[in-house]
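S.K.: Dropping a structure here in structure tokens format, bear with me for questions.
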Amino acid sequence: MPADSPPLDALVTLLAGLRVAVLTGAGCSTESGIPDYRGEGTRARARSPIEHRAFVADPGARRRYWARSVVGWERFSRARPNAGHLALAALERGGVVCGVITQNVDRLHHAAGSRRVVELHGALAEVRCLGCAAREDREALQGRLRALNPGFDPGRATIAPDGDADLDDEAVRAFLVADCRACGGVLKPDVVFFGDNVPKVTTDAAFALLEEGEALLVVGTSLAVFSGFRFVRRAAERGIPIAIVNLAETRGDALATLRLGAAAGAVLPALADALLAPARGPQPAP
0 MPADSPPLDA LVTLLAGLRV AVLTGAGCST ESGIPDYRGE GTRARARSPI
50 EHRAFVADPG ARRRYWARSV VGWERFSRAR PNAGHLALAA LERGGVVCGV
100 ITQNVDRLHH AAGSRRVVEL HGALAEVRCL GCAAREDREA LQGRLRALNP
150 GFDPGRATIA PDGDADLDDE AVRAFLVADC RACGGVLKPD VVFFGDNVPK
200 VTTDAAFALL EEGEALLVVG TSLAVFSGFR FVRRAAERGI PIAIVNLAET
250 RGDALATLRL GAAAGAVLPA LADALLAPAR GPQPAP
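Read in order, the letters of the sequence shown are residues 0 to 285 in numbering that gives the first Met the number 0.
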């Protein structure tokens, strides 16, 4: 941690004895091999994410997205929870964490064992038809896309934060996109693209979870997107402690009770050990 960052003990003291709501972002999953948009090394690889309007209105944009997704999905779907995810699940089982609000679309909190997770931006594991609203498992769609494009092999590609990959235009020009099996409509990953809105039912569930918390722990997000920042603002309005664990500065730092400039995988396991130790009771000597 940077020299001016508070010690872990300060975080333990702040959260001890409180029910904690958690808000996570991409920095919670980078240690699982999923890159983010604003973290370390972002400038070298950054590109604008696909926008909702372009995906809906432009067949070329959809073709480009699904071609990239076919490549990116195979690596994205193999990602596994890291120590930070596992620590949050342990804290929930131990009664410390009341639930997780996540901006991530990777389902790694579920895979780690977290039971109460509100996915603000949806999840890439499912696909939805924009016409009839039928759903399809993303892994099943992968098989259909591969069958439609048997010779598709763009070679080496760089994985992107949203589960797709960087490919040049020539590689995607002849790519065939799968339609909805039920009605032949347009299929879209069940996630909130840039320019779209988080569904009200999701927002309400997230605020309800936050209201149960006596503190808010923010992990791995710059809070640049309002869909996440608003929960920090609500916590500040309620006057509850706000702790932020993130390598870089965040939009919410001015509202935070403390911020640790550290990676989630370094802080969360130690935090779980400290907060769950009283519940375990004294341990026998080796």
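We put the CB at the ideal spot given by N, CA and C, even for glycine.
#1: What does DSSP give as the partner residue(s) for residue 49 in the beta ladder?
#2: What is the rounded straight-line gap between the Cα of residue 207 and the Cα of residue 56?
#3: So, at 7 angstroms on beta carbons, what are the nonlocal neighbours of residue 62 in its own chain, with the 5 sequence-adjacent residues on each side left out?
#4: Give a yes or no on whether the C-beta atoms belonging to residue 126 and residue 143 are separated by under 8 angstroms.
#5: For residue 256 and residue 232, I'd like the C-alpha separation in whole angstroms.
#6: Look at the alpha carbon of residue 200 and the alpha carbon of residue 225, and state the distance between them as a whole number of angstroms.
#7: What is the residue span of the beta strand (DSSP E) that residue 122 lies within?
#8: Using a Cβ-Cβ cut-off of 6 angstroms (strictly less than) and excluding sequence neighbours within five positions of residue 37, which residues of its own chain qualify?
#9: Where does residue 103 land, buried or exposed, given buried means 16+ other C-beta within 10 angstroms?
#10: So residue 116 packs on residue 98, CB below 8 angstroms; how close in whole Å?
#11: Does DSSP put residue 182 in a helix, a strand or coil?
#12: Residues in the same chain with beta-carbon distance under 7 angstroms from residue 15, minus the five sequence neighbours each way, listed in chain order, please.
#13: Ordered along the chain, which non-local residues of its own chain (more than five positions away) have a Cβ less than 8 angstroms from that of residue 242?
#14: Go ahead and pull the three-state DSSP assignment for residue 99.
#15: Would you report the Cα separation of residue 178 and residue 114, rounded to the nearest angstrom?
#16: Just to check my reading of the structure: residue 264 and residue 112 have Cβ atoms closer than 8 angstroms, yes? What is that Cβ distance to the nearest angstrom?
#17: If you scan the stretch 187 to 261 from start to end, which runs of the beta strand (DSSP E) of 3 or more residues do you find wholly inside it?
#18: Grab the span of the beta strand (DSSP E) containing residue 117 for me, first residue to last.
#19: Return the Cβ separation of residue 75 and residue 192 in integer angstroms, given the expectation that the two are a contact with Cβ distance under 8 angstroms.
#20: Within this structure, are the beta carbons of residue 227 and residue 87 separated by less than 8 angstroms?
#21: What do you get for residue 188, buried or exposed, if any count of 16 or more other CB atoms within 10 angstroms of its CB means buried?
#22: Take the Cβ of residue 288 as the centre, count every other Cβ of all protein chains shown within 10 Å, and call the residue buried at 16 or more, exposed below.
#23: Pull up the DSSP beta-bridge partners for residue 22, would you.
#24: Could you check whether residue 262 and residue 30 sit closer than 8 angstroms to each other, using their CB atoms as the reference points?
#25: Assign residue 105 to one of three DSSP states: helix, strand, or coil.
M.R.: Put simply:
#1: DSSP lists no partner for residue 49.
#2: Whole-angstrom Cα-Cα distance: 34 angstroms.
#3: 171, 174 and 176.
#4: One thing to note: residue 126 has its Cβ no nearer than 8 angstroms to the Cβ of residue 143.
#5: Using only the alpha carbons, I get a separation of about 12 angstroms.
#6: Going by the C-alpha atoms only, they are around 17 angstroms apart.
#7: Start and end: 121 to 128.
#8: Low per-residue confidence applies at residue 37: pLDDT is 49, beneath 50, and the placement is therefore not dependable enough to give any value.
#9: Buried: at least 16 other Cβ atoms inside 10 Å.
#10: Contact annotation, residue 116 with residue 98: C-beta distance approximately 7 angstroms; criterion of less than 8 angstroms satisfied.
#11: DSSP places residue 182 in coil when its eight states are reduced to three.
#12: Hits under 7 angstroms: 274.
#13: Taken in chain order, the residues that qualify are 10, 13, 14, 214, 215, 216, 217, 255, 256, 257, 258 and 259.
#14: In the three-state scheme derived from DSSP, where H, G and I count as helix and E and B as strand, residue 99 is classed as strand.
#15: So the alpha carbons of these two residues sit roughly 33 angstroms apart.
#16: Incorrect: roughly 16 angstroms between the Cβ atoms, too far for contact.
#17: List check, beta strand (DSSP E) in window: 214 to 218, 241 to 244 and 257 to 259.
#18: Boundaries of the beta strand (DSSP E) harbouring residue 117: 116 to 118, taken from the DSSP string.
#19: At roughly 16 angstroms, the Cβ-Cβ gap does not stay under 8 angstroms, so residue 75 and residue 192 are not in contact.
#20: Taking 8 angstroms as the Cβ cut-off, residue 227 and residue 87 do not qualify as a contacting pair.
#21: Its Cβ being crowded by 16 or more others within 10 Å, residue 188 is buried.
#22: There is simply no residue 288 to check, as the chain begins at 0 and stops at 285 in what is shown.
#23: Residue 22 is bridged by DSSP to 100 and 217.
#24: In contact: residue 30 and residue 262 (Cβ atoms closer than 8 angstroms).
#25: Assignment of residue 105 by DSSP, reduced to helix, strand and coil, places it in the coil class.
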